[in-house]
Amino acid sequence: MSKRLGWFLAAGLLVSLLLAGVVSNFASSSPDGLDYAAREGCTFNADGEITGGTCMAQQEGAHQLGGGPLANYGIKGIDNPYLSTGLSGVLGVLITFAIGGGAFWLVRRRSRQEA
Amino acid sequence: MEAQAMHIANGIVDGPVSAIFAVFAVAALAYCVRRARADLDDRLAPMAGLVAAFIFAVQMLNFQVLPGVSGHLLGGTLAVILVGPWVGALCVATVLIVQCLVFADGGLTALGLNITNMALLGTAVAYVLVALLLRILPKNPGGLGATALIASIVSVVAASQGFVLEYAFGGTTDLPLPAVAGTLAGAHILIGIGEGLIAATTVVTVARVRPDLVYAQRRFRKTERVEAGAMA
Chain A
22 MSKRLGWFLA
32 AGLLVSLLLA
42 GVVSNFASSS
52 PDGLDYAARE
62 GCTFNADGEI
72 TGGTCMAQQE
82 GAHQLGGGPL
92 ANYGIKGIDN
102 PYLSTGLSGV
112 LGVLITFAIG
122 GGAFWLVRRR
132 SRQEA
Chain B
6 MEAQAMHIAN
16 GIVDGPVSAI
26 FAVFAVAALA
36 YCVRRARADL
46 DDRLAPMAGL
56 VAAFIFAVQM
66 LNFQVLPGVS
76 GHLLGGTLAV
86 ILVGPWVGAL
96 CVATVLIVQC
106 LVFADGGLTA
116 LGLNITNMAL
126 LGTAVAYVLV
136 ALLLRILPKN
146 PGGLGATALI
156 ASIVSVVAAS
166 QGFVLEYAFG
176 GTTDLPLPAV
186 AGTLAGAHIL
196 IGIGEGLIAA
206 TTVVTVARVR
216 PDLVYAQRRF
226 RKTERVEAGA
236 MA
């Protein structure tokens, strides 16, 4: 890997870390398009529990790994919501880069190429 | 401020249909790995890791599209343009697997459904459009940006309709499908525009800084490479 590519990757990672670590706290908290469609047809109380109607979300089951330390983009044990979301985002970027980059590096073609 | 689930949860589509799509997703990803090897060299492999990390980051950024409705980037178009279709599909799949296993976003049972819609269907549709549009649109940053925008809109709507297909086979609540399809298509046209603006900004920026790192330009705009090199 060339030095120039190294700088590009470092800059790209820095942008990703800032987006996931800082900007993520300003993201919309409304349901996304899919979740909105899943909730359509039901009525909800202030706690987000279904109070009536018919919708997809009624059949929604719990996540098998919902008790994990980073579940739902927060860190268990950190009460400050900004810190919790931001740090979970930073960890997510690093984990994704490590797993993705590592796997791609392992399966790459092994011929030496100028970069 | 609470970050929330963004992908199909457990229980929305029944077990047998989820299992069928899981088998399909594994087979399709295995085929992608085979094809991706031809593209993955010492330069593309770390770039693909970065694309996956960037998509993870941007997926956290839900933007408002209507009162009470938000959306986030899926990433197929961005990935296709920067690292190609096979590696691109694997990048999006990597993000979905990390989100499911580490962040409990998108049910474990529903992982095959989510991968099919976003990593496979969304990326495939984006690839067809990118390959077509880059050949017919002007070979300049405007053409590249327009390609990213148009491909994003169509690919995001296609991914949302993938869910409708899965729901038609294994939906656990009896709902009128045309209404579900319409609601999803309407919201995802707007989400696609948002995704398209993010994808266009990203790929045009990379094309300015390092045109040689844009897979789609190397692949579909062979003449452009010389011009871009001369301009830089």
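Protein chains in written order, with my numbering: chain A, 22 to 136; chain B, 6 to 237. Virtual Cβ for every residue (Gly too), placed ideally from N, Cα, C.
- Judged by DSSP secondary structure, F26(B) falls within the alpha helix (DSSP H) whose first and last residues are 20-44.
- In the three-state scheme derived from DSSP, where H, G and I count as helix and E and B as strand, V103(B) is classed as helix.
- For V56(B), the uninterrupted alpha helix (DSSP H) run begins and ends at 49-64, by DSSP.
- DSSP assignment within the segment 180-220 of chain B yields the following whole alpha helix (DSSP H) runs of 4 residues or more, N-terminal first: 182-214.
- At least 7 Å separates the CB of A35(B) from every CB of chain A.
- Put simply, of M11(B), I25(B), I13(B), A14(B) the residue whose alpha carbon is nearest the alpha carbon of F174(B) is I25(B).
- C-alpha of A43(B) to C-alpha of L87(B): approximately 16 Å in a straight line.
- Here I196(B) is buried, its C-beta having at least 16 other C-beta atoms within 10 Å.
- Sequence-distant partners of E61(A) (beyond 5 residues in either direction) whose C-beta falls short of 7 Å from its own C-beta, in its chain, are C76.
- Between D47(B) and R130(A), the alpha-carbon positions lie close to 8 Å from each other.
- Contacts with chain B (Cβ-Cβ distance below 9 Å) from the segment 75-88 of chain A involve T75, C76, M77, A78, Q79, Q80, E81, G82, A83, H84, Q85, L86, G87, G88, listed in chain order.
- Proximity of F118(A) to chain B, defined by a Cβ-Cβ separation below 7 Å, is satisfied.
- S105(A) has a beta carbon lying at 7 Å or more from every beta carbon in chain B.
- In the three-state reduction of the DSSP assignment, I71(A) falls in the strand class, which pools E and B.
- V159(B) and A184(B) have their C-alpha atoms roughly 19 Å apart.
- Under the three-pair Cβ rule at 8 Å, the segment 63-77 of chain B does not count as touching the segment 113-128 of chain B.
- Secondary structure of G76(B) (DSSP, three-state): strand.
- Look at the segment 45-56 of chain A: the residues with a C-beta under 7 Å from a C-beta of chain B are S45, N46, A48, S49, S50, S51, P52, D53, G54, L55, D56.
- Across the segment 163-185 of chain B, CB contacts with chain A closer than 9 Å involve S165, F168, Y172, G176, T177, T178, D179, L180, A184, V185, in sequence order along the chain.
- A check of alpha carbon separations from D56(A) across A192(B), E200(B), T206(B), A129(B) identifies A192(B) as the nearest.
- The beta-carbon of Q69(B) is placed less than 7 Å from the nearest beta-carbon of chain A.
- Judged by DSSP in its simplified three-state form, C96(B) adopts helix.
- Put simply, the backbone Cα of V214(B) is about 11 Å away from that of R25(A).
- For the pair G176(B) and V18(B), the Cα-to-Cα distance works out to about 5 Å.
- Counting only runs of 3+ residues, the beta strand (DSSP E) found wholly inside the segment 63-136 of chain A occupies 63-65, 71-74, in chain order.
- In the three-state reduction of the DSSP assignment, V43(A) falls in the coil class, being assigned neither a helical nor a strand state.
- Cβ atoms of A204(B) and A164(B) stay farther apart than 8 Å, at about 14 Å.
- At least one C-beta of chain A is nearer than 7 Å to the C-beta of I196(B).
- In this structure, G93(B) and T128(B) form a Cβ contact; the two beta carbons are roughly 5 Å apart against a cut-off of 8 Å.
- By the Cβ neighbour-count rule, V211(B) is buried, with 16 or more other Cβ atoms within 10 Å of its own.
- Chain A has no Cβ within less than 7 Å of the Cβ of F29(B).
- L142(B) carries a coil assignment under DSSP once its states are collapsed to helix, strand and coil.
- Pairing T64(A) with A92(A), the inter-Cα distance amounts to about 26 Å.
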